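Asks:
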Amino acid sequence: MNSILSSVLPAPEDPILSVYYACRDDPSPVKLNLTAGTYQSEEGKPHVLEVVRRAEQQLANDLSWNKEYLPLNGLADFNKLSAKLILGDDSLAVKENRVVTFQCLSGTGSLRVGAEFLAQHHQQRVIFVPNPTWGNHPNIFNMAGLSVEHYRYYDPETRGLDFKGLLEDLGAAPSGAIVVLQACAHNPTGVDPTFEQWEKIRKIVRSKSLLPFFDNAYQGFASGDIDSDAQAVRMFVADGDECLIALSYGKNMGLYGERVGSLTIVCKSEDVAKKVESQVLLVVRAMYLTPPIHGAAIVTTILKNSDMYKDWTIELKGMVDRILSMRQELYEALQARGTPGDWSHIIKQIGMFSFTGLNEKQVRLMAKEHHIYMTYDGRISIGGLSSKTVPRLADAIHAVVTRIA
Ligand SMILES: Cc1ncc(COP(=O)(O)O)c(C=O)c1O
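This note's numbering applies: residue 466 is where the sequence shown begins, and numbers increase by one.
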């Protein structure tokens, strides 16, 4: 029988997915998957926060809770609390009613809705993302019809921020262009600007009338503190100008598969905010009508209750501390083996990932001979390591670095 769809071409290979499939299909019992940005327990198992379990119990016991459709913009309390989480308790922008928040499908969905809105209503369709950046950024923005450009971000020589290059590229961007800024715990490099550098970035963004679109996928995961990790965003919001913020509860509450996040748009005035809100609602309506209820109910239960909120921040800090100790253990293991090169970036970088500096050939050898998987750019998820697996990883890094320069 003829296929009406036979002319469909296969999609080009996605480098991140191909590593994922290679790992999935590797029968080795000792394989180690460090590709995915998810936090695992010390036993190498998916980790559900205790406070999330409690919130779910509470919801299950509440017989007044139902499964009706949410409004197009999601749970009202969730939106209020999400805006507060990122903008702070005393946000002037919130008090002046010039902030609109939409419950969306995690960080990705929030970026996608924001991108669709901008593609339809912003006069400048160019969006600048850091080089390198999270692999899905270009897909999300291209799919919405925006034109993706890169600004310099990472310097492989110093394994740190290419601050001069960053300022030059943003300074040369066309006026009104959108600029994606990862709010903290930059993926994939683990390198964030200092607060002084953020201030200079803010000045150049504002002087060129660029529109900042913050990707806030890791709030709390950089420093272990929700407010410190929001500093960069709050610095921009405090100047009274506009920005978009995509917030994810995937990582900081471990709600990956619940797909819960928010898009917050800070506007110059209440009048602008009302117009923006009406247009974003049209975008949402045509995309998925209303967001899912369960994850947002969990988040709202936790954020609303001061005891649960406190317990969440303690658990979050616990995850961050375990990541920090994995960094330290890996660094020390490489030192102990006398592995050639300077590995101090492993303890300097922050967040879920480390950009190891391994090249693609070394990464392929790690998979082939040691059954250890990471993305081809040499990024490992520190959240996927444990004290048991660090020595194996260090042995493998030592072996490939010694064999291939
Ligand atoms: C920088 C960045 N932004 C956004 C996301 C989206 O995550 P999610 O859609 O699961 O919230 C990720 C996930 O890895 C990420 O690393």
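Where is the CB? At the ideal position from N, CA and C, for every residue including glycine.
Since the structure is predicted, the reported quantities are computational estimates derived from the model, not experimental observations.
Do you know whose CA, among H759, L795, F701 and R792, lies nearest W530's CA?
Replies: Taking the Cα of W530 as reference, the smallest distance to any Cα among H759, L795, F701 and R792 is reached at H759.
Asks: What I want to know is whether the C-beta of N652 ends up closer than 7 angstroms to one or more non-hydrogen atoms of ligand 1.
Replies: yes
Asks: Could you tell me the boundaries of the beta strand (DSSP E) in which E614 lies?
Replies: S612 to R617
Asks: Do the CB positions of I643 and F678 come within less than 8 angstroms of each other?
Replies: yes
Asks: Would the beta-carbon of A682 be found less than 7 angstroms away from any heavy atom of ligand 1?
Replies: Checking the Cβ of A682 against ligand 1 gives yes.
Asks: Given a threshold of 16 other Cβ atoms within 10 Å of its Cβ, counted over all protein chains shown, does K716 qualify as buried or as exposed?
Replies: buried
Asks: Do you know how far the Cα of R590 is from the Cα of M791?
Replies: 41 angstroms
Asks: Shortest alpha-carbon distance to G689 belongs to which of G641, G803 and L789?
Replies: Looking at the Cα atoms, L789 is the closest of the given residues.
Asks: What do you get for A659, buried or exposed, if any count of 16 or more other CB atoms within 10 angstroms of its CB means buried?
Replies: It is Thr, not Ala, that sits at residue 659 in the sequence shown. Looking at its Cβ environment, which holds fewer than 16 other Cβ atoms inside 10 Å, T659 is exposed.
Asks: Go ahead and label I869 buried or exposed: buried means 16 or more other beta carbons lie within 10 angstroms of its beta carbon, across all protein chains shown.
Replies: exposed
Asks: Report yes or no: do the region 548-561 and the region 725-744 share at least 3 C-beta pairs separated by less than 8 angstroms?
Replies: yes
Asks: Three or more C-beta pairs closer than 8 angstroms, one from the region 701-719 and one from the region 571-578: is that the case here?
Replies: Short answer: they touch.
Asks: If you follow the beta strand (DSSP E) that A648 is in, where does it begin and where does it stop?
Replies: Boundaries cannot be given for A648, as no beta strand (DSSP E) includes it and DSSP labels it neither H nor E.
Asks: Within the same chain, show all residues whose beta-carbon is closer than 8 angstroms to that of D692, passing over the 5 residues directly before and after it, in chain order.
Replies: G553
Asks: Check for me: the beta strand (DSSP E) holding S871 runs from which residue to which?
Replies: The structure shown does not extend to residue 871, since the chain is modelled only from 466 through 870, so no value can be given for it.
Asks: Identify every residue that forms a DSSP beta bridge with S713.
Replies: G726
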